[in-house]
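Protein chains in written order, with the working numbering: chain A, -15 to 118; chain B, 30 to 119. Written below as structure tokens is the structure these notes are about.
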């Protein structure tokens, strides 16, 4: 199992701190065996999103088993969609999860850590919508 | 031949996020279904969010039930993680 590539996770947030903190949390809960990359904020460090940051994060996350992207809020989705529709030569098996950001990141990363394929990781992220906290 | 298996452990500490993650990662590697029960609450051990949602705390008894071809191994793995990981918190 350790030699098999795992699905990579990309966290896209308007805030670099939010993306990085969520990556740290999800990575620790899942045991640190999954590649999680972040695209947070604009190129000049403001709140916003950057298509170039998302592209770099996507390439870094790809280990050959596919990538699941989690956007935080609406315009992150637009940025991700713009990248996926405009760019050629992106990694294969890239999926965008319609999921709550923190819960989705944790569930996706744990499923990736267990060796789940890209469909399983995407499913875990999207099922996070139904998880109850209390 | 499918089988079922069950065992319980009393938590030495609260079931925090990291042990919940360890349980879910381990549970997902088994073919068997794996369920945790604490009081009246049940969770699929393969769902980290469901495991965290149990809110299992120190002194509570957790029952692990597995059904499937590797049920025994799955229960042993879960009990081991529950016994060890909740000692140090997470």
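All C-beta atoms in this analysis are idealised placements derived from N, C-alpha and C, irrespective of residue type, glycine included.
Alpha-carbon spacing of residue i relative to residue j, whole angstroms
{"i": "residue 117 of chain A", "j": "residue 82 of chain A", "result": "19 Å"}
{"i": "residue 83 of chain B", "j": "residue 12 of chain A", "result": "19 Å"}
{"i": "residue 9 of chain A", "j": "residue 3 of chain A", "result": "10 Å"}
{"i": "residue 54 of chain A", "j": "residue 33 of chain B", "result": "37 Å"}
{"i": "residue 57 of chain A", "j": "residue 111 of chain A", "result": "17 Å"}
{"i": "residue 119 of chain B", "j": "residue 61 of chain A", "result": "Its pLDDT being 48, under 50, residue 119 of chain B is placed unreliably by the model, and the measurement read from it follows with that caveat. Cα to Cα, residue 119 of chain B sits roughly 33 Å from residue 61 of chain A."}
{"i": "residue 101 of chain B", "j": "residue 105 of chain A", "result": "26 Å"}
{"i": "residue 44 of chain B", "j": "residue 103 of chain A", "result": "28 Å"}
{"i": "residue 99 of chain B", "j": "residue 92 of chain A", "result": "24 Å"}
{"i": "residue 99 of chain A", "j": "residue 36 of chain B", "result": "26 Å"}
{"i": "residue 103 of chain B", "j": "residue 93 of chain B", "result": "9 Å"}
{"i": "residue 48 of chain A", "j": "residue 75 of chain B", "result": "24 Å"}
{"i": "residue -12 of chain A", "j": "residue 105 of chain B", "result": "25 Å"}
{"i": "residue 115 of chain A", "j": "residue 85 of chain B", "result": "16 Å"}
{"i": "residue 5 of chain A", "j": "residue 41 of chain B", "result": "29 Å"}
{"i": "residue 63 of chain B", "j": "residue 67 of chain A", "result": "39 Å"}
{"i": "residue 71 of chain B", "j": "residue 89 of chain B", "result": "13 Å"}
{"i": "residue 29 of chain A", "j": "residue -2 of chain A", "result": "10 Å"}
{"i": "residue -15 of chain A", "j": "residue 72 of chain A", "result": "Low local confidence applies: a pLDDT of 49 at residue -15 of chain A is under 50, so the model's placement there is unreliable, and no value is given."}
{"i": "residue 39 of chain B", "j": "residue 112 of chain B", "result": "8 Å"}
{"i": "residue -10 of chain A", "j": "residue 20 of chain A", "result": "11 Å"}
{"i": "residue 17 of chain A", "j": "residue 59 of chain A", "result": "30 Å"}
Opposing strand residues paired with residue i [DSSP bridges]
{"i": "residue -9 of chain A", "result": "In DSSP, residue -9 of chain A forms no bridge with anything."}
{"i": "residue 86 of chain B", "result": "BP columns for residue 86 of chain B are empty, so no partner."}
{"i": "residue 23 of chain A", "result": "A:-4"}
{"i": "residue 54 of chain A", "result": "A:-5"}
{"i": "residue 65 of chain B", "result": "B:72 and B:93"}
{"i": "residue 33 of chain B", "result": "B:96"}
Pick from the options that is closest to residue i, judged by C-alpha positions
{"i": "residue 14 of chain A", "options": "B:70, B:58 and B:47", "result": "B:47"}
{"i": "residue 24 of chain A", "options": "A:102, A:91 and A:42", "result": "A:42"}
{"i": "residue 94 of chain A", "options": "A:65, A:57 and A:52", "result": "A:52"}
{"i": "residue 63 of chain A", "options": "A:77, A:48, A:87 and A:32", "result": "A:32"}
{"i": "residue 127 of chain A", "options": "A:80, A:-9 and A:97", "result": "Outside the modelled stretch of chain A, which goes from -15 to 118, sits residue 127 of chain A, for which no answer is possible."}
{"i": "residue 78 of chain B", "options": "B:59, B:54, B:41 and B:113", "result": "B:54"}
{"i": "residue 78 of chain A", "options": "A:86, A:38 and A:113", "result": "A:38"}
{"i": "residue 45 of chain A", "options": "A:16, A:101 and A:-8", "result": "A:-8"}
{"i": "residue 74 of chain A", "options": "A:59, A:16 and A:36", "result": "A:36"}
{"i": "residue 101 of chain A", "options": "A:50, A:1, A:27 and A:113", "result": "A:50"}
Exposure of residue i, with buried meaning 16 or more beta-carbon neighbours within 10 Å
{"i": "residue 68 of chain B", "result": "exposed"}
{"i": "residue 89 of chain A", "result": "buried"}
{"i": "residue 50 of chain B", "result": "buried"}
{"i": "residue 84 of chain A", "result": "buried"}
{"i": "residue 116 of chain B", "result": "exposed"}
{"i": "residue 109 of chain B", "result": "exposed"}
{"i": "residue 34 of chain A", "result": "buried"}
{"i": "residue 108 of chain A", "result": "buried"}
{"i": "residue 22 of chain A", "result": "buried"}
{"i": "residue 87 of chain A", "result": "buried"}
Closer than 8 Å at the beta carbon, the chain A residues around residue i
{"i": "residue 104 of chain B", "result": "Within chain A, no residue comes near residue 104 of chain B; the closest Cβ sits about 17 Å away, beyond 8 Å."}
Proximal chain A residues relative to residue i, where beta-carbon distance stays under 7 Å
{"i": "residue 77 of chain B", "result": "13, 90, 91 and 94"}
{"i": "residue 47 of chain B", "result": "12 and 13"}
{"i": "residue 82 of chain B", "result": "115, 116 and 117"}
{"i": "residue 50 of chain B", "result": "13, 14, 15 and 94"}
Per-residue contacts from residue i into chain A (C-beta, under 9 Å)
{"i": "residue 141 of chain B", "result": "Past the edges of chain B, shown from 30 to 119, lies residue 141 of chain B, and the structure says nothing about it."}
{"i": "residue 112 of chain B", "result": "Correct list: empty, because the minimum Cβ distance to chain A is about 18 Å."}
Neighbour list for residue i in chain B, Cβ cutoff strictly below 8 Å
{"i": "residue 112 of chain A", "result": "78"}
{"i": "residue 87 of chain A", "result": "78"}
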